[in-house]
Amino acid sequence: MSVPQNSDHPLSPEELAEVVARDIPAGAYVNLGIGQPTLVSNYLSAEDDVTLHTENGMLGMGAEAHGDEVDPDLINAGKIPVVETEGCSYFHHADSFAMMRGGHLDCCVLGAFQVDQQGNLANWHTGKPDAIPAVGGAMDLATGAKQTFVMMTLKTKKGQSKLVKECTMPLTGVGCVSRIYTDLGVFLLEDGKVTVRETFGVGFDELAQQVDVELTPAR
Amino acid sequence: MSVPQNSDHPLSPEELAEVVARDIPAGAYVNLGIGQPTLVSNYLSAEDDVTLHTENGMLGMGAEAHGDEVDPDLINAGKIPVVETEGCSYFHHADSFAMMRGGHLDCCVLGAFQVDQQGNLANWHTGKPDAIPAVGGAMDLATGAKQTFVMMTLKTKKGQSKLVKECTMPLTGVGCVSRIYTDLGVFLLEDGKVTVRETFGVGFDELAQQVDVELTPAR
Amino acid sequence: MLNIADSAAAAVELIHDGACVMIGGFGVAGQPVELIDALIEHGAKDLTVVNNNAGNGDVGLAKLIQLGRVQKIICSFPRQSDSWHFDEKYRAGEIELEVVPQGNLAERIRAAGAGIGAFFTPTGYGTSLAEGKEVRELDGKHQVLEYPIHADFSLTKAYRADKAGNLVYRKTARNFGPIMAAAATHSIVQVSDIVERGQIDPEVVVTPGIYVDTVVQINRPQQQDPREEGAA
Amino acid sequence: MLNIADSAAAAVELIHDGACVMIGGFGVAGQPVELIDALIEHGAKDLTVVNNNAGNGDVGLAKLIQLGRVQKIICSFPRQSDSWHFDEKYRAGEIELEVVPQGNLAERIRAAGAGIGAFFTPTGYGTSLAEGKEVRELDGKHQVLEYPIHADFSLTKAYRADKAGNLVYRKTARNFGPIMAAAATHSIVQVSDIVERGQIDPEVVVTPGIYVDTVVQINRPQQQDPREEGAA
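Chains as they are written, first to last, in full-length UniProt numbering: chain A, 1 to 219; chain B, 1 to 219; chain C, 1 to 232; chain D, 1 to 232.
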């Protein structure tokens, strides 16, 4: 088994964000979902020339705004005030989602409740019968980008793997996830096969025991 | 028969353009087709506050440009250089035709080869087997506006009526024409019935004999 | 022809019981606060509201819902930490909800303004939100048939209008404004500023005046701090 | 990442035999004259071309057709007083023609860029151009199902680009530029001017840089007098 264990401890969200950031190609157009994925922006440098998209109508979104920078007319999809970057642009909602749906974003990084080995994603609805359904842009993001990466802890607070054979929660998108970044390892999904690229704080064999999905080591 | 004969001679294209212009409500958004309909703009005054649309991406199109006014980047759908008016705006082709298709134009004035009593329009193709088909924006114009007016001579050069029971030429649009302005009279179309509103240089009875469609006098 | 209303109250006076009303804004950005307040005062009921959310706190759309004036809401994200009035009405079975993925919501609104009768979109395929909908495989993807959302009225906010009704917006406050104005039979827009024709460069007009029926100038629109509103 | 090409020749070098190439412009306005000339020099053949017309006179697209390099053309108005090269090839059965109503052409190009798999449009219903196409009655109108037009490359002209690839246009030269850049896998744009990031106001960007792959600066683009071109 030749899977590299690249850390002696499970990664913190910040450490994991750095791993994701390293994998985003220079010059890419990227949408970072609300929550953990937002951290990725902290590890993108100017030389990476990565342009951030926010689905409420902006390319070239900058960092969170503070103090006098706050402009109520300039917020991100999480409704947090942000700033402009040089070369940014604004457009309306239909144009913004056309950009996404049309496959123009190189990559989208999303959180998840569950991902299964077919790349199906569940991240919008816990499926509880009394929960009010609320999807926002989750389904559009899941299916629109050239590549959809998931970033999550591998396990729930109760210790259950979120990487599953088949999602039991309501789906957000079908076969859309190509890569999963977790605190315990990075998983590549292709044609129903789950390959482990690297692990963190755990060996491949130990990891394989904790997940009810057949894992293949990367060559 | 109470149809007013409002001229002692058949109207010239300029006189007819003036009749059409009088019928365009103040404040309307209008598209004037290539050819005779273009003349209508000469009889719209500033108080009418009529805004002209040109399908190649402009609202608030002004008059034909002359001399130093000519800007190769500012042309109308007939590829004639025009000027701006105050309050004009530019947009791309998809937005321009969305504006038309979405029913936002109050009125469109078009030329025609034939119109039939069902309001079907033929104005893009003579139907000759060796003719190369070329439609441009004709079909979009025919069906997009709230009202489509036709402006034409009632007869062909060979003396045949262009107002017919059923179009024999290839259609541009189905049931789209609500009014026909001709040198010999104005016809209103509704539910397959053709009403004559007024005549020019000819009485109602004489006109009725020249057209192979049942004509009803306006009350 | 453009109607320049004297007040927000005058701007919304034609809104009738049973109307479908689109309300612009994403979070606080682009929210036509004064027009919504005027609609609350106005009293129209049995409304269908199209908005990205289902109201926050105790004001604006949330207030309209609390008052029982909204019969149905079409939105992408009704569940927020402070959407208690919607929650209550929904759980009591007093409000109908149609949840639409945000991009499909935007495209359906755009389709209404653009005269498109229906379109196939990959978003939502295989999910509960596409249940019972027609599906086709196109361009190698399963796609769902979606229909336009038309409205009787739209309430939106822009930055500036000229007297031809041309609009420009500010930053991400543009969001749903342009497409809602085009999708509504009667669009009502609040702006901070109304200028003469020719005072907005024709190259930078975002919403051409043809889409605008009524504008009202609200000099200093209310605007919450974005942080005071729940995330979505 | 934006590729700033040194010359029109370098800008078009990736165009391969058999490619589908969209060419912007309506009449002379927005015609990417230098890019078309570079494509003529380049030599790519068996092309499918998407343009509003089918060439005029003996230059540009007409020349490309004359040289037998265009296998198929998708356009709204191929018949013009000076489209003799197209006429000749068409009558000789040497070029395939798909005539599309101009608004459907624009919307099909837009659909390709926007990821829409198909859409229903009223334009063309009941005409020979809709023969054999699927029809549905929607919103009280018969509507025809139309599919997106994707392209491998687009050649368009804008006024100015910044180094993020953001574009602005001039007047009616905007026409097909924004939608073709979005519909093509690789968009190539000639501009009169390239400026630094931040030199174009983000509010007035018409084509965001995400849609632009290659730009080339042509300082003084050729431009015919509009009157020298046939009407359509």
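Note that CB positions come from ideal geometry on N, CA and C, so glycine has one too. Please read these numbers as outputs of a predicted model, since none were measured by experiment.
Enclosing beta strand (DSSP E) for residue 151 of chain B [first to last residue] | Reading the second sequence from its first residue, position 151 is the one you call residue 151 of chain B. 147-152 is the extent of the beta strand (DSSP E) around residue 151 of chain B.
Residue 99 of chain D to residue 184 of chain A span [Cα, whole Å] = For the purposes of this step, residue 99 of chain D is identified with residue 99 of the fourth sequence, where counting begins at 1. For the purposes of this step, residue 184 of chain A is identified with residue 184 of the first sequence, where counting begins at 1. Each residue's alpha carbon lies about 57 Å from the other.
Within chain B, partners of residue 90 of chain C - CB distance below 9 Å = Against the third sequence, residue 90 of chain C aligns to sequence position 90. Taking the beta carbon of residue 90 of chain C as reference, no residue of chain B falls within 9 Å; the closest one sits roughly 33 Å away.
Just list the beta strand (DSSP E) runs in the region 98-181 of chain B, keeping only unbroken ones of 3 residues or longer that don't cross its boundaries, in chain order.
-> 107-110, 114-116, 147-152
Does any C-beta atom of chain C lie closer than 8 Å to the C-beta of residue 99 of chain B?
-> If you number the second sequence from 1, residue 99 of chain B lands on position 99. Closer than 8 Å: yes.
Does any C-beta atom of chain D lie closer than 8 Å to the C-beta of residue 138 of chain C?
-> By 1-based counting over the third sequence, the position of residue 138 of chain C is 138. Residue 138 of chain C counts as touching chain D.
Would you report the Cα separation of residue 54 of chain D and residue 62 of chain C, rounded to the nearest angstrom?
-> If you number the fourth sequence from 1, residue 54 of chain D lands on position 54. If you number the third sequence from 1, residue 62 of chain C lands on position 62. C-alpha separation (whole angstroms): 56 Å.
Thinking just about the alpha-carbon of each residue, which of B:182, B:219, B:195 is nearest to the one in residue 10 of chain B?
-> Reading the second sequence from its first residue, position 10 is the one you call residue 10 of chain B. Per the Cα distances, B:182.
Residue 209 of chain A to residue 199 of chain A, Cα distance in whole Å?
-> Residue mapping note: residue 209 of chain A aligns to position 209 of the first sequence, counting from 1. Residue mapping note: residue 199 of chain A aligns to position 199 of the first sequence, counting from 1. Straight-line Cα distance between these residues: approximately 13 Å.
Within the 8 Å Cβ cut-off, does residue 134 of chain C reach chain B?
-> By one-based count along the third sequence, residue 134 of chain C stands at place 134. Not closer than 8 Å to any Cβ of chain B, the Cβ of residue 134 of chain C fails to qualify, so no.
If you count every other CB in all the chains shown that lies within 10 Å of the CB of residue 4 of chain B, and 16 or more means buried, which is it?
-> Numbered from its first residue, the second sequence carries residue 4 of chain B at position 4. The residue in question, residue 4 of chain B, is exposed, as its Cβ has fewer than 16 Cβ neighbours within 10 Å.
For residue 122 of chain D, the first and last residue of its enclosing alpha helix (DSSP H) = Against the fourth sequence, residue 122 of chain D aligns to sequence position 122. It is not in any alpha helix (DSSP H) - residue 122 of chain D carries neither H nor E in the DSSP assignment.
In angstroms with no decimal places, state the Cα-to-Cα distance between residue 231 of chain C and residue 82 of chain A.
-> Residue numbering aside, residue 231 of chain C sits at position 231 when the third sequence is read from its first letter. Residue numbering aside, residue 82 of chain A sits at position 82 when the first sequence is read from its first letter. Only weak support exists for where residue 231 of chain C lies, its pLDDT of 39 falling under 50; the value from the coordinates is given anyway. Their backbone Cα atoms lie some 14 Å apart in a straight line.
Alpha-carbon to alpha-carbon, residue 197 of chain C and residue 131 of chain B | As a first step, residue 131 of chain B is located in the second sequence; it is residue number 131 there, counting from the start. As a first step, residue 197 of chain C is located in the third sequence; it is residue number 197 there, counting from the start. About 46 Å.
Comparing alpha-carbon positions, which option in C:23, C:8, C:5, C:222 lies nearest residue 153 of chain C?
-> Translated into positions along the third sequence, residue 153 of chain C becomes position 153. Answer by Cα proximity: C:23.
Alpha carbon to alpha carbon, what distance is there between residue 56 of chain C and residue 166 of chain B?
-> Taking the first residue of the second sequence as 1, we reach residue 166 of chain B at position 166. Taking the first residue of the third sequence as 1, we reach residue 56 of chain C at position 56. Roughly 59 Å separates the two Cα atoms.
CA nearest to the CA of residue 133 of chain D, picked from D:26, D:146, D:193 = Here residue 133 of chain D refers to the residue found at position 133 of the fourth sequence. Here the closest residue by C-alpha is D:146.
Own chain partners of residue 249 of chain C with C-beta closer than 7 Å, once the 5 adjacent residues on each side are dropped | For chain C, the structure presents residues 1 to 232; residue 249 of chain C sits outside this window and is missing.
Work out the CA separation of residue 203 of chain D and residue 204 of chain C for me, nearest whole Å.
-> Numbered from its first residue, the third sequence carries residue 204 of chain C at position 204. Numbered from its first residue, the fourth sequence carries residue 203 of chain D at position 203. Residue 204 of chain C and residue 203 of chain D: Cα-Cα distance of roughly 8 Å.
Following the continuous beta strand (DSSP E) through residue 236 of chain D, name the residue where it begins and the one where it ends.
-> The first residue shown for chain D is 1 and the last is 232, placing residue 236 of chain D beyond what the model contains.
Measuring CA to CA, which of C:6, C:188, C:201 is closest to residue 35 of chain C?
-> For the purposes of this step, residue 35 of chain C is taken as residue 35 along the third sequence, with counting starting at 1. For residue 35 of chain C, the nearest C-alpha among the options comes from C:188.
Hey, residue 58 of chain A and residue 214 of chain C: beta-carbon distance below 8 Å or not?
-> Taking the first residue of the first sequence as 1, we reach residue 58 of chain A at position 58. Taking the first residue of the third sequence as 1, we reach residue 214 of chain C at position 214. Result no, Cβ atoms of residue 58 of chain A and residue 214 of chain C do not sit closer than 8 Å.
Taking C-alpha atoms, which residue in B:64, B:17, B:86, B:212 lies nearest to residue 201 of chain C?
-> Position 201 of the third sequence holds residue 201 of chain C. When each option's Cα is compared against that of residue 201 of chain C, the closest is B:86.
Return the CA-CA distance between residue 45 of chain D and residue 71 of chain D, expressed in angstroms with no decimal places.
-> Numbered from its first residue, the fourth sequence carries residue 45 of chain D at position 45. Numbered from its first residue, the fourth sequence carries residue 71 of chain D at position 71. Rounded to whole angstroms, residue 45 of chain D to residue 71 of chain D spans 8 Å at the Cα level.
Bridge-paired residues (DSSP) for residue 185 of chain B | Against the second sequence, residue 185 of chain B aligns to sequence position 185. Residue 185 of chain B is bridged to B:199.
Return helix, strand or coil for residue 41 of chain B, following the three-state DSSP convention.
-> The residue labelled residue 41 of chain B in the question sits at position 41 within the second sequence. Correct three-state label for residue 41 of chain B: helix.
Start-to-end residues for the beta strand (DSSP E) that takes in residue 251 of chain C | No answer is possible for residue 251 of chain C: the residues shown for chain C start at 1 and end at 232.
Pick helix, strand or coil for residue 77 of chain C, following the three-state DSSP scheme.
-> On the third sequence, position 77 is the one that residue 77 of chain C refers to. DSSP places residue 77 of chain C in strand when its eight states are reduced to three.
Grab the span of the beta strand (DSSP E) containing residue 160 of chain D for me, first residue to last.
-> Along the fourth sequence, read from residue 1 onward, the residue named residue 160 of chain D stands at position 160. 160-162 is the extent of the beta strand (DSSP E) around residue 160 of chain D.
Tell me whether residue 80 of chain D is buried or exposed, calling it buried when 16 or more other Cβ atoms sit within 10 Å of its Cβ.
-> Working through the fourth sequence from its first residue, we reach residue 80 of chain D at position 80. Its Cβ being crowded by 16 or more others within 10 Å, residue 80 of chain D is buried.
Taking Cβ-Cβ distances shorter than 9 Å, what residues in chain B pair up with residue 35 of chain D?
-> On the fourth sequence, residue 35 of chain D is found 35 positions in, with the first residue counted as 1. Residues of chain B passing the Cβ test: none, with the nearest at roughly 17 Å.
What residues in the region 87-120 of chain A bring their beta carbon closer than 9 Å to a beta carbon of chain C?
-> 90, 91, 92, 93, 94, 95, 96, 97, 98, 100, 101, 120
What is the residue span of the alpha helix (DSSP H) that residue 87 of chain D lies within?
-> Along the fourth sequence, one-based indexing puts residue 87 of chain D at 87. Where residue 87 of chain D is concerned, the enclosing alpha helix (DSSP H) stretches over 84-91.
Taking the Cβ atom as the reference point for each residue, do residue 117 of chain C and residue 129 of chain D lie within a distance shorter than 8 Å?
-> Taking the third sequence and counting its residues from 1, the one referred to as residue 117 of chain C is at position 117. Taking the fourth sequence and counting its residues from 1, the one referred to as residue 129 of chain D is at position 129. It is not a contact, given that the beta carbons lie outside the stated cut-off.
In its own chain, which residues sit with a C-beta less than 6 Å from the C-beta of residue 197 of chain A, not counting the 5 before and 5 after it?
-> Stepping through the first sequence from its first residue, residue 197 of chain A is reached at position 197. Once the five neighbours on either side are set aside, the close Cβ partners of residue 197 of chain A are 186, 188, 218.
Which bits of chain C does residue 29 of chain B rub up against, with CB to CB less than 7 Å?
-> Residue mapping note: residue 29 of chain B aligns to position 29 of the second sequence, counting from 1. Within chain C, the residues 210 have their CB atoms less than 7 Å from the CB of residue 29 of chain B, given in chain order.
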